[in-house]
Structures are given as structure tokens and as C-alpha cells.
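> Following the numbering used here, the numbering of the sequence shown begins with 49 at its first residue and continues without gaps. Just so you know, even glycine gets a beta-carbon here, dropped at the ideal spot from N, CA and C. Take a look at the following structure, please.
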Amino acid sequence: MKIQENISLKPFNTFGMNVFAKYFASFNSTDQLNEILESAKSESSSDLILGGGSNILFTKDIDGLVLKNEIEGIDIIEDNEEYVYVKVGAGMNWHQFVLYCIHHGYAGIENLALIPGCVGASPIQNIGAYGVEIKDVFHALEAFHLRDKMKMVFSKNDCAFGYRESVFKNKFKNQFAITSVTFRLNKKAQYHVSYGAINQELESMGIKELSIISVAQAVMNIRNSKLPNPSLIGNAGSFFKNPEITNEEFNYLKLSHPSLTGYQTIDNKMKIAAGWLIEQCGWKGFRDGDAGCYDKQALVLVNYGNATGQQVFQLSESIITSVQQQFGITLQREVNVI
Ligand code: FAD
Ligand code: EPU
């Protein structure tokens, strides 16, 4: 265990922002995390738990301790005819875990293939894609309270999952380090292929009979065709959430914008594509210096090389203002701005 000083976080965030952490350490167990916190106690004013840095926009140096979660490990804790319960170390790479499940025939997260980041961050915003969210397979998680140095278990109910939301983004923001997540995966797959272009992609792949791997492959193909690879172009996926509006608001907007599409949420609202709103405002493909709005997906803000977090943040402010002026809708950021 070693606490380093004045470390660049550029390799540790997918936007590639070159900010510095006053203190930096990685941990591979809860005990090691506790030791680091004890020894850093008097020196650090704020602690940040970091996974893969794929949902963060750093806008300034961190005047505190950045703790990189590297807890690995996969354990089967229960296995019955219907389900397998798999406990996964929070530092494990999410996509590697998806591949592990595909390899073992465990179904439920194949639609979430290729999402960057670590398992420990997956409950924070209840990651989702192509009609599936991790709440659908979530069983429980273990977390460590950073101030009280206490281990706690959270059930699905405790996490208060919503669309890109959980208790860890709200009431308990920055209070816990999630150390493991247990998923309940299906032995018999129930495929979700009606969302977006999955069916179309499966058809063009020539798939006649669905399998976990073919669904995952279709999802990966679609993702690769529209999302920028962070190792080539800095980004953090969707920068904003898709807004939810009332049915009345939707019908009113549809009168002036017939191409507007949306889908009904379970609480009787309409979720509309923020990417569409941003594109309508003329931002798609916009570039100012190295900060830009991706030309294949307007919901993704990008760093073409040397943009600062402040520049990307300013761009997001301008986008929010113009969507507000043109549509009367206020976009909410999905990315954690720090
Ligand atoms: P980080 O960015 O490191 O952290 C995110 C937040 O969680 C921070 O506030 C951090 O402090 C906190 N945190 C991280 N780990 C822990 C922990 N163990 N304990 C407590 N707090 C923690 N997301 C989707 O939902 N769906 C998508 O389809 C999707 N596509 C993406 C595509 C691209 C190209 C990119 C770059 C991102 C995409 N994302 C998507 C966003 C991102 O991949 C997810 O939010 C992911 O879960 C973030 O994981 P991470 O380990 O990188 O988290
Ligand atoms: N659209 C446009 N112009 C654009 C982009 C999108 O008009 O530039 C419209 C199109 O009509 C398209 C629709 O938006 O059909 C939806 O686009 P897409 O399928 O790319 O999905 P999204 O709504 O933009 C959401 C998630 C993604 C997730 C995909 C697939 C949010 C904020 N984003 O994007 O998650 O991968 O659906 O399920 O919900 C992330 O959270 O980082 C992320 C990438």
C-alpha cells in the first residue's frame, strides 16, 4: 500500500483530462482501503473512489485523496436450477464480467456488453443499455462507509434504483466505497431484442436462433458503429440523460416537430431522445478547439485531444441553454462533474 502524491489522472479517466490528484492510492481489499484511510486521515480533505473513470468529467485538480478500486474476484455463492448468484469484486472490469457470463452461459447482462468501467460503479447510476438495466439482475452489494469505517450490505430496495439513478448518486453520494456486487443471473435466457436496432442487426448477422453470445455481439456491433472508442477519442458516453416529459408536453411538441419520437415510461411519462434535441439545435458535429459534440451521436461530448474539463463543461452549458430556448426542456447531466 502506497500513497502517491501529485499524480496525473489522465490515464484514469476516459475523457483524458489531465488533472492532478494531491494524493493517490489503489486498494485491492476492504482492509487495505481501511489502512489507507487511516494513514491518510490527517492529510486528506475529501476522498474520491475511482473505477474506470468512464463517467466522470474532471474540471479541476483534486485537493484530496483519489482511491482506485482494484478489488478483483468472482465467486458463485448460490447455484440452483433457475439462477446463479455471482459475487464480483468491485474493481473488476464490467465487460470482462459480461464475457465471463457469456462463457458460462449465465444470462441477463448480454445487452450490457461493452459498457466501459468497473463492476463497482455499475449500481451507482444503474447502468443500462438496449432495454436492460443492472437493477434487473442486481441482488445485493457490499460497501464500506468511508467516514465511519463500517461495512454494510445493501439490498435492491436499499439502492433505490431509477433511470441512471441510485441512492449512491443522491443521499449517499461519495459516502461509501462499493466493494462487491452480487448479481442473480438466469440459467434460462430471456432475450430482450425489441429495443432499438438489435433485431435488425441480428438479421444482418444472419442469426436464426438467439443465443447469449449473438445478442451480445449484436449489441457490440451497434455500439461500435455509433459510440466513440475512448482510447481514440476522449468521452464518457452519454453526457446528458434522456429527459422525461408529460404526455401533454410530448403531444404539443410533436405538432411542431413531427419527427419527435419518445416512449412511454412506467410512470406514464414520455422519455425522449436528448440526442435528437441536441441535433435539432445544430450541435451535432460541432467542434470548438478540442471540445466537441460527436458527429455520429449528439448525446456524446468529446475531447479530441487537449480540451480541458472546463471547456467541455462550458460546451455542455451552451447545449443546455439552446435546448432550453428551443424546446423549453432542461437537460440534466448524466456524467459526474468533479
Ligand atoms: P467511474 O467513472 O470511475 O465513477 C463514476 C462514479 O461512481 C463516480 O462518482 C465515482 O466516484 C463513483 N464510483 C466508482 N466506483 C465506485 C465504487 N466502487 N464505490 C463507490 N463509488 C464509486 N453507461 C450506461 O449506463 N450505459 C451505457 O450504455 C454506457 N455507455 C458508455 C459508453 C462509453 C463509450 C463510455 C465512455 C461510457 C459509457 N457509459 C454508459 C458510462 C459508464 O461506462 C458507466 O457509468 C460506468 O458504470 C462507469 O464505471 P466506472 O468504473 O468507469 O466509474
Ligand atoms: N438521436 C438523434 N440524433 C443523435 C443521436 C440520437 O436523433 O445524434 C435519436 C435517434 O432517433 C435515435 C434515438 O435518439 O433513434 C436513440 O439513440 P440511441 O439508440 O443511440 O440511444 P440514446 O437514447 O442516445 C441511450 C443511453 C445509452 C445507451 C443507449 C442504448 C441514455 C442517456 N443513454 O442513448 O447509454 O447505450 O440508449 O440503450 O440513456 C450512457 O449512459 O452513457 C449511454 C451510452
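Mind checking who E181 pairs with in its DSSP beta bridge?
Along the sequence shown, one-based indexing puts residue 181 at 133. DSSP, once it has assigned bridges, lists G176 as partnering E181.
> Which runs of the beta strand (DSSP E), 3 residues or longer, sit entirely within the segment 203-258?
224-234
> Starting from the Cα of K116, find the closest Cα among K108, E83 and F75 and give me that residue.
Against the sequence shown, residue 116 aligns to sequence position 68. K116 has its Cα closest to that of F75, out of K108, E83 and F75.
> Considering only C-alpha positions, which residue in the set N384, F334, V385 and Y300 is nearest to I377?
The residue labelled residue 377 in the question sits at position 329 within the sequence shown. If we check each option's Cα against that of I377, Y300 comes out closest.
> If you draw a straight line from the C-alpha of S94 to the C-alpha of G168, how long is it?
Position 46 of the sequence shown, counted from the first residue, corresponds to residue 94. Position 120 of the sequence shown, counted from the first residue, corresponds to residue 168. Rounded to the nearest angstrom, the two C-alpha atoms are 20 Å apart.
> For the ligand FAD, is there any heavy atom lying closer than 7 Å to the beta carbon of N218?
As a first step, residue 218 is located in the sequence shown; it is residue number 170 there, counting from the start. Checking the Cβ of N218 against the ligand FAD gives no.
> Got a sec? Which residues, its chain only, sit under 7 Å from E129 by beta carbon, not counting five neighbours each side?
Taking the first residue of the sequence shown as 1, we reach residue 129 at position 81. Contacts found: K235.
> How long is the line joining the alpha carbons of A73 and F220, rounded to whole angstroms?
On the sequence shown, position 25 is the one that residue 73 refers to. On the sequence shown, position 172 is the one that residue 220 refers to. Rounded to the nearest angstrom, the two C-alpha atoms are 22 Å apart.
> Write down every uninterrupted run of the beta strand (DSSP E) in the segment 113-167 whose length is 3 residues or greater and which is fully enclosed by it, in chain order.
122-127 and 131-137
> Taking just the CA atoms, how far does E53 sit from S262?
As a position in the sequence shown, residue 262 is number 214, starting the count at 1. As a position in the sequence shown, residue 53 is number 5, starting the count at 1. Near 46 Å, if we compare the C-alpha coordinates of E53 and S262.
> Distance check for R195 and V350, CA to CA, integer angstroms please.
Numbered from its first residue, the sequence shown carries residue 350 at position 302. Numbered from its first residue, the sequence shown carries residue 195 at position 147. Our two residues, V350 and R195, have alpha carbons roughly 35 Å apart in a direct line.
> In chain order, what residues of the same chain have a beta carbon less than 8 Å from the beta carbon of Y311, not counting five sequence neighbours either side?
Counted from its first residue, the sequence shown places residue 311 at position 263. Excluding residues within five positions, the ones whose Cβ falls inside 8 Å are M318 and K319.
> Below 8 Å on the Cβ atoms is my guess for M65 versus G323; work out the distance and round it to an integer in Å.
Start at 1 with the first residue of the sequence shown, and residue 65 comes out as number 17. Start at 1 with the first residue of the sequence shown, and residue 323 comes out as number 275. The C-beta separation of M65 from G323 comes to about 23 Å, leaving the pair out of contact by the 8 Å criterion.
> Quick one: using the 10 Å Cβ neighbour count with 16 as the cut-off for buried, is D123 buried or exposed?
Numbered from 1 along the sequence shown, position 75 holds the residue referred to as residue 123. Classification for D123: exposed.
> Specify whether the segment 252-260 and the segment 78-87 touch according to this definition: at least 3 beta carbon pairs, one from each stretch, less than 8 Å apart.
no
> Is the beta carbon of K183 closer than 8 Å to that of F209?
In the sequence shown, counting from the first residue as 1, residue 209 sits at position 161. In the sequence shown, counting from the first residue as 1, residue 183 sits at position 135. Contact annotation: F209 and K183 have beta-carbon atoms nearer than 8 Å.
> Suppose the cutoff is 7 Å on Cβ atoms and the five residues either side in sequence are ignored; what does the same chain contact list for L347 look like?
Start at 1 with the first residue of the sequence shown, and residue 347 comes out as number 299. Taken in chain order, the residues that qualify are S286, F287, F288, A322, G323 and I326.
> Beta-carbon distances below 6 Å to any heavy atom of the ligand EPU define the shell here; list its residues in chain order, please.
A177, Y178, G244, K274, G285, S286, K289, N290, T309, A321, G323, W324, E327, K332, Q345, A346, L347 and E382
> Nearest CA to the CA of Q345: which residue from G333, E297, E251 and G176?
Start at 1 with the first residue of the sequence shown, and residue 345 comes out as number 297. For Q345, the closest C-alpha among the options G333, E297, E251 and G176 is that of G333.
> In angstroms with no decimal places, state the Cα-to-Cα distance between N354 and D109.
In the sequence shown, the residue the question calls residue 354 occupies position 306. In the sequence shown, the residue the question calls residue 109 occupies position 61. Each residue's alpha carbon lies about 16 Å from the other.
> Give me, in chain order, the residues of the same chain whose beta-carbon lies closer than 7 Å to that of I150; leave out the 5 immediate sequence neighbours on both sides.
The residue you call residue 150 lines up with position 102 of the sequence shown. Same-chain partners within the cutoff: E158, I260, I261 and A264.
> Of the residues G121, A161, G165 and L96, which one's Cα is nearest the Cα of T62?
Here the question's residue 62 lines up with position 14 in the sequence shown. Measuring from the Cα of T62, the nearest candidate turns out to be G165.
> Quick one: does the C-beta of N283 sit closer than 7 Å to a heavy atom of the ligand FAD?
Here the question's residue 283 lines up with position 235 in the sequence shown. N283 Cβ: within cutoff of the ligand FAD.
> Output the boundary residues of the alpha helix (DSSP H) element that contains V383.
In the sequence shown, counting from the first residue as 1, residue 383 sits at position 335. First-last for V383: undefined, no H or E at that position.
> Assign Q469 to one of two classes, buried (16 or more other C-beta atoms within 10 Å of its C-beta) or exposed (fewer than that).
In this structure the chain extends from 49 to 386, so residue 469 is not present and cannot be described.
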